[in-house]
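What follows is a single structure, written as structure tokens, with notes after it.
Right, dumping it as structure tokens:
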């Protein structure tokens, strides 16, 4: 029988979100019903509300979530009722050209649940990133459920579902940071701090955090930054070079995605170094760089999709690091809120308060 639960929707562009009743079908073939325990409030959800993703309103928001599988549909074997899972928005198909090349983190045919969740009047909802987890229960493709150690608290574990994985993976998977490397991270919100932590855990000996907010720079030190730069008072490129023997960093990660930050990343890297873009730019932004500099500096310019992660490989590994005390997921959880406080959490993303908010987390 379909179930009626509470969920947070964005009904129209730039309108405040609403907590309403939604109808969640029983899982069909290849699907799973998940009782959501916690879901982080991510900038992507705000982009959906603002119409910055597409105009398929109404949206069922929320995607950075952990919970317990309640039921599964026909043919599902990888997860079972009672499993504690982190939800991911890239259910790997195993059949596309990327998967067959042994690069499933680039899967070109990721999939979501076939059935639609609806409002009580039958209006179909578009789940954010195919998940829709600002709800007491959600329906997803079973491949979007990654089983992890249930000893981890849901509020922390759920953050692996998007921002934390994106940042950590940008350093470790995309950037290939390894022992003795120098790394600079531009932008020290949740994604940037996860990149700082990933670089530190991977063995980087110089980890430079760059942000205009001194509070964020202090927090970045907690995650492993060895040096900090405030662009308001220092030249980013020159200072990175000073801190790396005059050479520039081996890997520079841009978690802001502005033309000016990308240019800083390009010139702050060492010759043949790597730039990783993990921040998500808006469609109107453009970068202009001299072609001779692109040629002459060599190296690699990379984009990081979801930290180039493979959820079944990376999520359990990060939970293990957390349980070993090597990766402090708890500090990413700035506050715990209810479903009716999502709009207030969006307001806090604009900053200006006394505290730095890495993540507000909805706890159900």
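Numbering (this note's numbering), first residue to last: 3 to 366. Glycine residues also receive a C-beta, built at the ideal position from the N, C-alpha and C atoms.
Output the distance between the C-alpha atoms of residue i and residue j, rounded to the nearest integer angstrom.
{"i": "residue 183", "j": "residue 305", "result": "19 Å"}
{"i": "residue 198", "j": "residue 125", "result": "43 Å"}
{"i": "residue 348", "j": "residue 257", "result": "19 Å"}
{"i": "residue 271", "j": "residue 260", "result": "17 Å"}
{"i": "residue 193", "j": "residue 170", "result": "8 Å"}
{"i": "residue 155", "j": "residue 295", "result": "47 Å"}
{"i": "residue 166", "j": "residue 100", "result": "24 Å"}
{"i": "residue 57", "j": "residue 120", "result": "17 Å"}
{"i": "residue 38", "j": "residue 9", "result": "11 Å"}
{"i": "residue 286", "j": "residue 326", "result": "43 Å"}
{"i": "residue 91", "j": "residue 107", "result": "11 Å"}
{"i": "residue 5", "j": "residue 321", "result": "31 Å"}
{"i": "residue 338", "j": "residue 21", "result": "17 Å"}
{"i": "residue 1", "j": "residue 246", "result": "For residue 1 there is no data in the structure shown, the boundaries of the chain being 3 and 366."}
{"i": "residue 102", "j": "residue 340", "result": "42 Å"}
{"i": "residue 105", "j": "residue 148", "result": "18 Å"}
{"i": "residue 14", "j": "residue 345", "result": "14 Å"}
Would you please state the rounded distance, in angstroms, between the beta carbons of residue i and residue j? I believe it to be under 8 Å.
{"i": "residue 66", "j": "residue 44", "result": "5 Å"}
{"i": "residue 210", "j": "residue 186", "result": "4 Å"}
{"i": "residue 179", "j": "residue 206", "result": "5 Å"}
{"i": "residue 234", "j": "residue 214", "result": "5 Å"}
{"i": "residue 212", "j": "residue 238", "result": "6 Å"}
{"i": "residue 164", "j": "residue 336", "result": "Going by Cβ atoms, the distance from residue 164 to residue 336 rounds to 16 Å, so no, they are not a contact pair."}
{"i": "residue 351", "j": "residue 141", "result": "With a Cβ gap of about 27 Å, residue 351 and residue 141 do not count as contacting."}
Take residue i and list the residues in its own chain whose beta-carbon comes closer than 6 Å to its own, dropping the five residues that flank it on each side.
{"i": "residue 323", "result": "329"}
{"i": "residue 93", "result": "112, 113, 143, 145, 146"}
{"i": "residue 40", "result": "68, 156, 157, 160, 363, 365"}
{"i": "residue 243", "result": "250"}
{"i": "residue 227", "result": "198, 209, 211"}
Considering just the uninterrupted stretch of the alpha helix (DSSP H) at residue i, what are its terminal residues?
{"i": "residue 294", "result": "293-299"}
{"i": "residue 320", "result": "313-325"}
{"i": "residue 1", "result": "In the structure as shown, the chain starts at 3 and stops at 366, and residue 1 therefore has no counterpart that could be examined."}
{"i": "residue 310", "result": "Here residue 310 belongs to no alpha helix (DSSP H), and DSSP marks it neither H nor E."}
Does the Cβ-Cβ distance between residue i and residue j come in under 7 Å?
{"i": "residue 130", "j": "residue 86", "result": "no"}
{"i": "residue 111", "j": "residue 98", "result": "yes"}
{"i": "residue 219", "j": "residue 208", "result": "no"}
{"i": "residue 168", "j": "residue 309", "result": "yes"}
{"i": "residue 88", "j": "residue 81", "result": "no"}
{"i": "residue 117", "j": "residue 30", "result": "yes"}
{"i": "residue 289", "j": "residue 264", "result": "yes"}
{"i": "residue 317", "j": "residue 162", "result": "yes"}
Quick check on the DSSP output: the beta strand (DSSP E) that includes residue i runs from which residue to which?
{"i": "residue 67", "result": "66-74"}
{"i": "residue 229", "result": "229-231"}
{"i": "residue 184", "result": "184-188"}
{"i": "residue 275", "result": "271-279"}
{"i": "residue 362", "result": "362-365"}
{"i": "residue 210", "result": "208-212"}
{"i": "residue 143", "result": "139-143"}
{"i": "residue 24", "result": "20-26"}
Tell me which residues share the same chain as residue i and place their Cβ nearer than 7 Å to its Cβ, disregarding the 5 neighbours each side in the sequence.
{"i": "residue 267", "result": "188, 254, 256, 277"}
{"i": "residue 12", "result": "19, 50, 51, 59, 60, 61, 63"}
{"i": "residue 32", "result": "75, 77, 78, 143, 144"}
{"i": "residue 7", "result": "24, 26, 137, 138, 139"}
For residue i, collect the residues of the same chain with a Cβ closer than 8 Å to its Cβ; drop the 5 residues on either side in sequence, then sort them by chain order.
{"i": "residue 221", "result": "190, 195, 333, 358, 360"}
{"i": "residue 273", "result": "249, 250, 299, 300, 301"}
{"i": "residue 16", "result": "51, 52, 53"}
{"i": "residue 200", "result": "169, 170, 171, 172, 173, 174, 179"}
{"i": "residue 223", "result": "211, 230"}
{"i": "residue 342", "result": "21"}
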